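Shown next, in structure tokens, is the structure this report addresses.
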Amino acid sequence: MGKKIPGWQIALVFLTIIVSMGYTIIAYDGYIHIPLLFAGIVAAIIAKINGYSWSYLEKGILNSINSAMQACFILMIVGMLIASWISGGVIQVMIYYGLLLLNPSIFLVACCLICCVVSLSTGSSWTTAGTVGIAFIGIGAGLGIPEGMIGGAIISGAYFGDKMSPLSDTTNLAPAIAGTTLFEHIRHMVWSVTPSLIIALIIYGILGSGSLGTADISAVEALLSGLRENFNLSPLLFIPPIFIVFMVIFKIPAIPGLLAGVVMGILCSGVFQGDDMVAVSVYNLYEGFVSETGNVFLDELLTRGGISSMFYAISIVFCAMFLGGILESSNMLSTLCEVMLKMAKGTGMLVTVTVFTCILMNVLCGDQYVAIILPGKMYREEFENRRLRNKNLSRILEDAGTMTSSLVPWTTCGAYMSTTMGIATLTYLPYAFLNLLNPIVSIFYGFTGISIEKMTDEEYESIMRERQLEKAMAAKALEA
112 MGKKIPGWQI ALVFLTIIVS MGYTIIAYDG YIHIPLLFAG IVAAIIAKIN GYSWSYLEKG
172 ILNSINSAMQ ACFILMIVGM LIASWISGGV IQVMIYYGLL LLNPSIFLVA CCLICCVVSL
232 STGSSWTTAG TVGIAFIGIG AGLGIPEGMI GGAIISGAYF GDKMSPLSDT TNLAPAIAGT
292 TLFEHIRHMV WSVTPSLIIA LIIYGILGSG SLGTADISAV EALLSGLREN FNLSPLLFIP
352 PIFIVFMVIF KIPAIPGLLA GVVMGILCSG VFQGDDMVAV SVYNLYEGFV SETGNVFLDE
412 LLTRGGISSM FYAISIVFCA MFLGGILESS NMLSTLCEVM LKMAKGTGML VTVTVFTCIL
472 MNVLCGDQYV AIILPGKMYR EEFENRRLRN KNLSRILEDA GTMTSSLVPW TTCGAYMSTT
532 MGIATLTYLP YAFLNLLNPI VSIFYGFTGI SIEKMTDEEY ESIMRERQLE KAMAAKALEA
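Numbering of the sequence shown is given in this note's numbering, commencing with residue 112 and proceeding in unit increments.
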């Protein structure tokens with residue numbers, strides 16, 4: 112163990128994150144892995160100067176990585192689930208019936224809702240914006256609708272699924288970091304996303320009412336035609352997603368439940384699409400599904416999934432946990448947390464501080480994974496000390512960390528969305544109502560106590576025993 116690290120040295124670590132991340136993203140449009148590792152190296156040097164041995168820090172890194180292993184394993188299963196569901200036509204049938212909802216007279220509302228369906232089906236805001244989102248931009252332009260409004264509706268719908276779908280990486284990451292389960296996390300997020308979505312849809316309805324006329328929806332018709340011609344779209348394919356809904360309701364553990372979903376997808380590929388189920392299992396589950404329909408939008412939408420598709424997210428988690436492990440074992444994180452928590456006298460302020468930290472991490476670090484992982488590690492113990500259930504924290508991490516990631520121009524999400532849609536981040540930002548409202552709703556709940564669940568005495572005592580055991584094991588491992 113070393114001495115307490117001065118605040119200015121901790122600030123130097125975060126300055127390193129800001130500068131290296133900004134330079135990498137702005138100057139090179141590069142990946143954030145190296146800045147995270149570089150910041151970790153700087154943090155390790157500072158910790159070493161203050162008396163922390165490398166062996167001690169290394170064990171802290173391994174403990175940090177170990178805490179994220181379940182999330183990484185679930186991410187790999189989700190990759191298999193996506194590939195098996197596309198192979199079986201499950202995702203296609205949800206997209207098909209979602210596109211049938213399109214009505215030019217309520218374009219913005221329909222645009223948001225259809226993006227909700229597609230993102231919920233695929234678990235990817237990026238894929239949704241890069242496929243059906245682009246189609247909607249073309250349709251909206253023909254209607255004379257301002258591109259900012261179109262982009263905002265697309266972002267709102269796309270991030271609904273990024274927040275709520277069990278196929279989403281962030282939806283799996285947040286509960287793993289906060290210490291709750293996947294489906295408990297999803298059920299709890301309904302409280303914040305439902306009013307946010309309803310208000311967003313009302314605003315889109317007001318903005319678009321009476322000004323749309325008719326539209327050339329040839330791009331959407333081409334997608335519908337491509338789906339009909341290339342896949343068996345039997346309504347029975349809704350069984351796997353319905354099964355996922357029942358998993359949430361009946362609290363089935365995530366890993367066995369998702370694996371069962373993978374098996375159902377493989378069976379659907381053989382029964383409904385006439386594919387070789389062994390080939391699907393051997394190739395698609397690892398490499399992902401490759402669509403070759405000839406429709407560019409459709410092929411971009413459906414070519415995805417597989418274990419290999421999750422390696423990028425998993426590698427970011429490893430790099431972030433490398434940095435987080437050093438910050439945590441050297442007590443830099445706890446020192447920073449102490450400073451932030453001085454403002455958090457009540458539950459409302461604790462929620463506000465957590466929301467602010469998530470947004471700050473998006474601004475400083477430029478990535479939603481970091482905006483979930485670091486605040487989650489910083490405030491988890493404080494939430495438990497105040498007898499607040501872990502799912503409260505996991506929901507806040509998504510309300511602020513996930514939802515604001517596309518609203519910062521230099522984050523990976525903001526850069527991707529603006530480049531893909533051809534709409535500047537600051538142009539669509541005022542109209543991304545779901546993303547703007549979610550953090551506000553989260554803070555409102557914090558001050559009013561609505562949906563903020565507290566632990567029972569038994570749950571609190573169990574958490575304290577588990578924490579003492581974990582600390583004892585960690586101390587023993589660090590001393591070894």
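Virtual Cβ for every residue (Gly too), placed ideally from N, Cα, C.
Just so we're clear, the structure is a prediction, and the values are computed from it rather than from any experiment.
Alpha-carbon spacing of residue i relative to residue j, whole angstroms
{"i": "MET432", "j": "SER175", "result": "6 Å"}
{"i": "LYS115", "j": "ASN442", "result": "7 Å"}
{"i": "HIS144", "j": "ILE425", "result": "11 Å"}
{"i": "LEU323", "j": "ILE317", "result": "Confidence in LEU323 is poor, its pLDDT being 48 and thus under 50, which makes the residue's placement unreliable; the coordinate value appears in the next sentence. Each residue's alpha carbon lies about 12 Å from the other."}
{"i": "GLY525", "j": "SER236", "result": "11 Å"}
{"i": "ILE418", "j": "CYS222", "result": "30 Å"}
{"i": "ILE314", "j": "ILE256", "result": "15 Å"}
{"i": "VAL462", "j": "GLY435", "result": "21 Å"}
{"i": "TYR571", "j": "SER336", "result": "55 Å"}
{"i": "TYR208", "j": "PHE125", "result": "47 Å"}
{"i": "ILE217", "j": "MET584", "result": "58 Å"}
{"i": "VAL301", "j": "ILE551", "result": "15 Å"}
{"i": "ASN473", "j": "VAL389", "result": "42 Å"}
{"i": "ASN549", "j": "GLY560", "result": "16 Å"}
{"i": "SER166", "j": "ASN496", "result": "30 Å"}
{"i": "ILE622", "j": "MET421", "result": "Within the shown structure, residues of the chain are numbered from 112 to 591, placing residue 622 beyond reach of any answer."}
{"i": "ILE98", "j": "HIS299", "result": "Absent from the structure is residue 98, since the part of the chain shown begins at 112 and ends at 591."}
{"i": "GLU258", "j": "THR531", "result": "13 Å"}
{"i": "LEU547", "j": "ILE310", "result": "11 Å"}
{"i": "GLU398", "j": "ASP387", "result": "16 Å"}
{"i": "THR135", "j": "VAL519", "result": "16 Å"}
{"i": "GLY533", "j": "LEU540", "result": "13 Å"}
{"i": "GLU577", "j": "THR536", "result": "44 Å"}
{"i": "VAL201", "j": "TYR423", "result": "25 Å"}
{"i": "SER232", "j": "GLU581", "result": "37 Å"}
{"i": "SER562", "j": "THR305", "result": "13 Å"}
{"i": "SER329", "j": "GLU340", "result": "16 Å"}
{"i": "GLN384", "j": "MET132", "result": "45 Å"}
{"i": "ASN161", "j": "LEU444", "result": "15 Å"}
{"i": "GLU492", "j": "LEU173", "result": "19 Å"}
Residue j beta carbon less than 8 Å from that of residue i
{"i": "LEU545", "j": "TYR270", "result": "yes"}
{"i": "THR522", "j": "GLN579", "result": "no"}
{"i": "GLY268", "j": "SER230", "result": "yes"}
{"i": "GLY92", "j": "ILE128", "result": "Nothing about residue 92 can be reported from this structure: the residues present for the chain run from 112 to 591 only."}
{"i": "THR291", "j": "LYS453", "result": "no"}
{"i": "THR515", "j": "GLY262", "result": "no"}
{"i": "VAL331", "j": "LEU210", "result": "yes"}
{"i": "GLY199", "j": "ILE355", "result": "no"}
{"i": "SER517", "j": "ILE266", "result": "yes"}
{"i": "VAL428", "j": "CYS183", "result": "yes"}
{"i": "SER440", "j": "LEU168", "result": "yes"}
{"i": "CYS430", "j": "LEU186", "result": "no"}
{"i": "TYR593", "j": "GLY234", "result": "Because the chain in this structure spans residues 112 to 591, residue 593 falls outside the shown range and cannot be described."}
{"i": "MET260", "j": "TYR490", "result": "no"}
{"i": "LEU396", "j": "LEU334", "result": "no"}
{"i": "THR513", "j": "LYS274", "result": "yes"}
{"i": "CYS226", "j": "VAL243", "result": "yes"}
{"i": "GLY487", "j": "LEU504", "result": "yes"}
{"i": "LEU219", "j": "ALA264", "result": "yes"}
For residue j and residue i, believed in contact at Cβ under 8 Å, the rounded distance
{"i": "MET575", "j": "ALA240", "result": "That belief does not hold up - the Cβ atoms of MET575 and ALA240 are roughly 44 Å apart, past 8 Å."}
{"i": "LEU344", "j": "LEU338", "result": "6 Å"}
{"i": "ILE188", "j": "ILE366", "result": "7 Å"}
{"i": "TYR556", "j": "SER303", "result": "7 Å"}
{"i": "THR446", "j": "GLY118", "result": "7 Å"}
{"i": "ILE197", "j": "PHE400", "result": "4 Å"}
{"i": "THR465", "j": "LEU499", "result": "Not a contact, Cβ separation roughly 11 Å."}
{"i": "MET191", "j": "PHE294", "result": "That pair is no contact at about 18 Å."}
{"i": "PHE342", "j": "GLN203", "result": "5 Å"}
{"i": "VAL393", "j": "SER195", "result": "Actually they are not in contact, since the Cβ atoms of VAL393 and SER195 sit about 12 Å apart, beyond 8 Å."}
For residue i, the residue or residues it bridges with in DSSP
{"i": "LEU499", "result": "LYS565"}
{"i": "ARG415", "result": "PHE400"}
Exercise for review: Check whether the stretch 479 to 496 touches the stretch 509 to 521, counting contact only when three or more Cβ pairs, one atom from each stretch, lie closer than 8 Å.
Suggested key: Pairwise C-beta distances place the stretch 479 to 496 in contact with the stretch 509 to 521, as three or more of them are shorter than 8 Å.
Point to revise | At least 3 beta-carbon pairs within less than 8 Å: the stretch 281 to 296 vs the stretch 164 to 182 | key: yes
Exercise for review: Please determine if the stretch 369 to 378 and the stretch 345 to 356 are in contact, where contact requires at least 3 C-beta pairs separated by less than 8 Å.
Suggested key: yes
Check your understanding: Pairing CB atoms from the stretch 271 to 280 with CB atoms from the stretch 550 to 569, are three or more of them under 8 Å?
Key -> no
Point to revise | the stretch 123 to 139 touching the stretch 395 to 412, judged by at least three CB pairs closer than 8 Å | key: Not touching, per the Cβ criterion.
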